[in-house]
Each structure stands twice: as structure tokens, then as C-alpha cells.
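Asks: Numbering-wise (the numbering used here), the sequence shown opens with residue 137 and increments by one. All C-beta atoms in this analysis are idealised placements derived from N, C-alpha and C, irrespective of residue type, glycine included.
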Amino acid sequence: MQFLTRWVAPHRSAVVEAVLEAADEAALRARLTSQGAAVLSVAAPRRAAGQRIGKGFDAAWWCRELATLLRAGMSVVEAIETLRLQATRAGGGIQTRLLTALHEGQSLSAAMSSAGVFPQVLIASVFASERTSRLADALDDFLQYDRQLKSLRRQVASAAVYPAVVVGVGLLIAVFLLTFVMPRFARMLGTFHGELSPLTRLMLWFSGVLTHSLPVAVTGVLAAVALVRFAFAQGRGRRWGGRLLDRLPPTRRAREHFARAKLFQALMLTLRGGYTLVDALHVCERLGLAGGLDAALAQAREDIERGQPASGAFDRARLVDVVGERLLRVGERSGQFEPVLRTLTDRHAEAFSVFVQRATRLVEPLLLLGVAVMVGGIVILMYLPIFDIANGLK
137 MQFLTRWVAP HRSAVVEAVL EAADEAALRA RLTSQGAAVL SVAAPRRAAG QRIGKGFDAA
197 WWCRELATLL RAGMSVVEAI ETLRLQATRA GGGIQTRLLT ALHEGQSLSA AMSSAGVFPQ
257 VLIASVFASE RTSRLADALD DFLQYDRQLK SLRRQVASAA VYPAVVVGVG LLIAVFLLTF
317 VMPRFARMLG TFHGELSPLT RLMLWFSGVL THSLPVAVTG VLAAVALVRF AFAQGRGRRW
377 GGRLLDRLPP TRRAREHFAR AKLFQALMLT LRGGYTLVDA LHVCERLGLA GGLDAALAQA
437 REDIERGQPA SGAFDRARLV DVVGERLLRV GERSGQFEPV LRTLTDRHAE AFSVFVQRAT
497 RLVEPLLLLG VAVMVGGIVI LMYLPIFDIA NGLK
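Rendered as C-alpha cells:
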């Protein structure tokens, strides 16, 4: 079972807030107390219900609208009440739950965590702003983080549009030739008593099978598409796709660049909100980063807690390369990690963008060649019966 927990971390004066798993509340309190932490509150976040209510909820839109209303002079409660009036059914349910939690005396960050639809980085940024009264600025920082990630994802989507169109058109042409044109050749050859070549017989057999089982084939394709969509909705499709991409070194490196760009952007956001580096790493461990970065983050955080410098801890956990390690040393000397993290974010984002551009330039001609070979092969097979008829007339 999951609990929204707030406690004072041992050997530090910072308050940590996170969703932890335990058999029950008593077991969770005992575990934290044994580690030397002072537990402040434990509550069940009811995450599953929040996910059903908030299906399709746009956190970026919520942040943008809330920041605008707050700068106009509204209080948090008044702003969320206004958002409830203009939200859709799903968004209205989220606003209602937030208002209920606020009226019960909970903080906004606790209410957002209990809703179960807000990103952990956003919740952490809002939690930090509650100590500095900079909620609107924290929302703007998250919007910048969200724009960075969406920009990288849009590059992938834009690069995939043209190949998808090429493959789709090629498949439609192939299905048309196999199900509409070839059966007419088959009927024409029905009265032919000459010898047909093996390729011609194979073509006619395949066309007949596809024509008679077309409804079954269409049903199978639709069922496969529905199954894939269901797998992605449950998160399994992303995991399977990630494992498949990790088998290829170029795509594995690209996924690592994307994950590191997301990591350093999130670290910059949480540090700007007033978190210590250790607490910021603790928040980023729950981002679900690819490439085993969660375990690397935990290792780096433990090393820093033992008093080791951040540059050495990040280097031993293989979170940075030689350039990144030297940049972190500069941040340690100056005490300004934000410019360093911005530089690291830009480096990995640029590397990911270069990979997408190069992959697009390589994949597009290969797909065009593959579609041309497929359609051209079908057309050639369609002409083979004509040659067989001509040989039979001789």
C-alpha cells in the first residue's frame, strides 16, 4: 500500500515529502523511526482513484492557468475554484478534489500528491514554493521543464510522420494489388490449360487466400492495434519498446541522452526551488528514468550523504562523462550548480536531436527503397501470368 509521507530527514533540518510503500501505516512509521527520521504525517494518497478521475488531465495547462490567476491577485483557493468552472469533466474532478483537500487544511503540494495525476517534479517544486511563497514562479519553472521535454518528444514525432506515411501508402497499394487486381488475373487464368510457372502459382494461391480471408485479416490487424494500444496504456508497451531499443547501441545511447536531459533539467528545477542536492536527487529517483538511472541516482545520493563531492559521486555512478564531471567541479567551486546543470541539459538534448536528425536521413531512403521493392515485386509477379499465357499460345 502507498502512503503520502512527510518526515524530517536524519542529520538534516529539511522536510522530505514522498510516496512510500509499506504493508500498513504502523510499519511505515516504524521503518522511518528506525532510520532516525521524525515522521510528521502519513496519509493514503488514493492514487488509483485520482488516475481514473484525471484521465487526460493536462498538468501544463493547469500550471499555466493557475500562474496567470495567481499573478492577477487571486488566492490559491479562488484560482482553483475558477479553474473548476472552466475545466472539462476530468479536469473538474481534479479541481474538486484539490479544493476538498485545501478546505481540510492540507497544503497544495499534499493535495496534488493525493490527486495522483501530477508529476513528482511539479509536486516537489510546489512543496518548495510553500516555504518561499513563490508559487507562481515555481509553476513557471515547471512549464519551462515541460516545454523542454515536449520539444524533444516533438522531434521524434515529427521524424516519424514521413516514414509512417510512406509505409502506410505502400501497404495500401500492396493490399489493393493483392485483393483487387490479382483475383482478376486468377479468373482470367482459370481457362488457361498451359503450364504455369511456380512463382505464378504461388502468387495466385496467396492472392486467393488473402481475398477469401480478408475479413479475418482485417479483424486480426484491428485486434493487434487494439492490443498494442492497451499495452501502451498499461505501461507495458513502453517497457517492451524500451527493451527492444536498448538492444541496439545507437538507440540505447539516444535514450540515455534523453533520460539525462530530463534528469538534469529536473535537478535544475528542484534546486531552483530551494531543495538541497540530496533532496533533489531523492525527488528525481521517482521520475522513472530509462537506462537504469534510478539506481545510479540512488548510488550518487548515498555517496553525497557520506560527504563525498558531487562531481566524484556523479562520475562513479556514471551519470556524467569527463566533460560533465569537470563542469560539476566548477559548480562545486562557485556554489552555482544551476548554470552547470543547464549546460549539461543542453548538451544531452543537442546529442539527442542530432541522433534524431541523422536517423531520419538514414531511415527515410531505406523505407522508400523497401516500399519500392515490395510494390515493384508485386507488379512484376502480376506480369508473369501474361508471359505464361504468351508461352502457352506458342
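From what residue to what residue does the beta strand (DSSP E) around S177 run?
Replies: Position 41 of the sequence shown holds residue 177. Residues A174 to A179.
Asks: Can you have a look at V354 and say buried or exposed, based on whether 16 or more other CB atoms are within 10 angstroms of its CB?
Replies: The residue labelled residue 354 in the question sits at position 218 within the sequence shown. By the neighbour-count rule (16 or more Cβ atoms within 10 Å), V354 is not buried but exposed.
Asks: Count the other CB atoms, across all protein chains shown, that sit within 10 Å of the CB of R365; report buried if there are 16 or more and exposed otherwise.
Replies: As a first step, residue 365 is located in the sequence shown; it is residue number 229 there, counting from the start. Exposed, since its Cβ has fewer than 16 Cβ neighbours within 10 Å.
Asks: Taking the C-alpha atoms as reference points, what is the distance between L517 and R200?
Replies: One-based indexing of the sequence shown puts residue 517 at position 381. One-based indexing of the sequence shown puts residue 200 at position 64. Their backbone Cα atoms lie some 59 Å apart in a straight line.
Asks: Can we say the stretch 289-307 touches the stretch 453-465, given the rule of at least three CB pairs closer than 8 Å?
Replies: At 8 Å Cβ cutoff, the stretches do not touch.
Asks: Between T347, L504 and A163, which has its C-alpha nearest V178's C-alpha?
Replies: Along the sequence shown, one-based indexing puts residue 178 at 42. Out of T347, L504 and A163, A163 has the C-alpha closest to the C-alpha of V178.
Asks: Assess, as a yes-or-no matter, whether the stretch 165-175 is touched by the stretch 208-225 under the definition of 3 or more beta carbon pairs within less than 8 Å.
Replies: Verdict: no, contact absent.
Asks: Return yes when at least one heavy atom of the ligand NAP lies under 7 Å from the C-beta of A195, else no.
Replies: For the ligand NAP, the structure offers nothing, since it holds no ligand at all.
Asks: Can you give me the C-alpha to C-alpha distance between A264 and A495, rounded to a whole angstrom?
Replies: Residue numbering aside, residue 264 sits at position 128 when the sequence shown is read from its first letter. Residue numbering aside, residue 495 sits at position 359 when the sequence shown is read from its first letter. Distance between the alpha carbons of A264 and A495 is about 40 Å.
Asks: Candidates S243, A431, L234 and L480: which alpha carbon is nearest V253's?
Replies: Looking up residue 253 in the sequence shown gives position 117. For the residues S243, A431, L234 and L480, the minimum Cα distance to V253 belongs to L234.
Asks: Taking A300 as the reference, which of Y519, L503 and A310 has the closest Cα?
Replies: The residue labelled residue 300 in the question sits at position 164 within the sequence shown. When each option's Cα is compared against that of A300, the closest is L503.
Asks: Whole-angstrom Cβ separation of I219 and L202, contact assumed at under 8 Å?
Replies: For the purposes of this step, residue 219 is taken as the residue at position 83 of the sequence shown. For the purposes of this step, residue 202 is taken as the residue at position 66 of the sequence shown. Correcting the residue type first, residue 219 is Leu in the shown sequence and not Ile. Right, their Cβ atoms sit about 7 Å apart.
Asks: Which one of I216, R391 and R320 has the shortest CA to CA distance from G344?
Replies: Taking the first residue of the sequence shown as position 1, residue 344 is located at position 208. Checked all of I216, R391 and R320; the closest Cα to G344 is R320.
Asks: Of all the CB atoms in chain C, is at least one closer than 8 Å to the CB of F263?
Replies: This model lacks chain C altogether, as it is built from one protein chain only.
Asks: Count the other CB atoms within 10 Å of the CB of D282; is the residue buried (16 or more) or exposed (fewer)?
Replies: As a working mapping, residue 282 is identified with position 146 in the sequence shown. It is buried - the Cβ of D282 has at least 16 other Cβ atoms within 10 Å.
Asks: Could you compute how far the alpha carbon of R422 sits from the alpha carbon of A395?
Replies: Translated into positions along the sequence shown, residue 422 becomes position 286. Translated into positions along the sequence shown, residue 395 becomes position 259. Cα-Cα distance, rounded: 13 Å.
Asks: Candidates V213, Q280 and V509: which alpha carbon is nearest W197's?
Replies: Within the sequence shown, residue 197 is the residue found at index 61, counting from 1. The candidate whose alpha carbon is nearest that of W197 is Q280.
Asks: Buried or exposed: R142, going by 16 or more other Cβ atoms within 10 Å of its Cβ?
Replies: If you number the sequence shown from 1, residue 142 lands on position 6. So R142 ends up on the buried side.
Asks: Got a sec? Which residues, its chain only, sit under 7 Å from L350 by beta carbon, not counting five neighbours each side?
Replies: Translated into positions along the sequence shown, residue 350 becomes position 214. For L350, where only same-chain residues beyond five positions count, the Cβ hits under 7 Å are T315.
Asks: Since F488 contacts A402 with CB under 8 Å, what's their CB separation in whole angstroms?
Replies: Within the sequence shown, the letter at position 352 stands for residue 488. Within the sequence shown, the letter at position 266 stands for residue 402. Going by Cβ atoms, the distance from F488 to A402 rounds to 16 Å, so no, they are not a contact pair.
Asks: Output needed for A185: all residues of its chain with C-beta closer than 6 Å, excluding positions within five of it in sequence on either side, in chain order.
Replies: Translated into the one-based positions of the sequence shown, residue 185 becomes position 49. The predicted model places A185 with a pLDDT of 35, which falls under 50 and marks its position as unreliable, so this point remains unresolved.
Asks: Whose C-beta lies closer than 6 Å to the C-beta of A416 among residues of the same chain, with five residues either side of it excluded?
Replies: Here residue 416 corresponds to residue number 280 of the sequence shown, with the count starting at 1. Closer than 6 Å at Cβ, skipping near neighbours: L403, T406 and L407.
Asks: What separation, rounded to the nearest whole angstrom, lies between the Cα atoms of V357 and L346?
Replies: On the sequence shown, residue 357 is found 221 positions in, with the first residue counted as 1. On the sequence shown, residue 346 is found 210 positions in, with the first residue counted as 1. So the alpha carbons of these two residues sit roughly 13 Å apart.
Asks: Out of V414, G460 and D430, which has the shortest C-alpha to C-alpha gap to D439?
Replies: For this step, residue 439 is matched to residue 303 along the sequence shown. When each option's Cα is compared against that of D439, the closest is V414.
Asks: Between D273 and the rest of its own chain, which residues show a CB-CB distance below 8 Å, the 5 nearest in sequence each way excluded?
Replies: Start at 1 with the first residue of the sequence shown, and residue 273 comes out as number 137. Here the set comprises S265.
Asks: Taking DSSP as the reference, what is the three-state secondary structure of M210?
Replies: Here residue 210 refers to the residue found at position 74 when the sequence shown is read from its first residue. Three-state DSSP puts M210 in coil, outside helix and strand.
Asks: Below 8 Å between beta carbons: does that hold for I309 and V499?
Replies: For this step, residue 309 is matched to residue 173 along the sequence shown. For this step, residue 499 is matched to residue 363 along the sequence shown. In this structure, V499 does not lie closer than 8 Å to I309 by Cβ.
Asks: For a test of the three-state rule: what should DSSP assign to A184, helix, strand or coil?
Replies: Position 48 of the sequence shown holds residue 184. The pLDDT assigned to A184 is 36, lower than 50, so where the model puts this residue is not dependable, and the model offers no usable value.
Asks: What residues in its chain sit with their C-beta under 8 Å from that of L433, if we drop five residues either side in the sequence?
Replies: Translated into positions along the sequence shown, residue 433 becomes position 297. Excluding sequence neighbours, L433 sits near L399, L417, C420, E421, L425, A453 and L455.
Asks: Taking 8 Å as the limit between beta carbons, can you name the residues of its chain near V476, skipping five residues before and five after?
Replies: Taking the first residue of the sequence shown as position 1, residue 476 is located at position 340. L463, L464, V466 and G467, listed in sequence order.
Asks: With distance defined between alpha-carbon atoms, name the residue in I514, S287, V492 and F193 nearest to P386.
Replies: One-based indexing of the sequence shown puts residue 386 at position 250. Measuring from the Cα of P386, the nearest candidate turns out to be V492.
Asks: If you follow the alpha helix (DSSP H) that P299 is part of, which residue opens it and which one closes it?
Replies: On the sequence shown, residue 299 is found 163 positions in, with the first residue counted as 1. P299 -> alpha helix (DSSP H) spans L271 to F312.
Asks: When burial is assigned at 16 or more other CB atoms within 10 Å of the CB, is S170 buried or exposed?
Replies: Within the sequence shown, numbered from 1, the residue matching residue 170 stands at position 34. By the 10 Å Cβ count, S170 comes out exposed.
Asks: Do you know offhand how far A250's Cα is from L238's?
Replies: As a first step, residue 250 is located in the sequence shown; it is residue number 114 there, counting from the start. As a first step, residue 238 is located in the sequence shown; it is residue number 102 there, counting from the start. One point to set straight first is that residue 250 is Ser, not Ala, in the sequence displayed. Taking the straight line from one Cα to the other gives about 11 Å.
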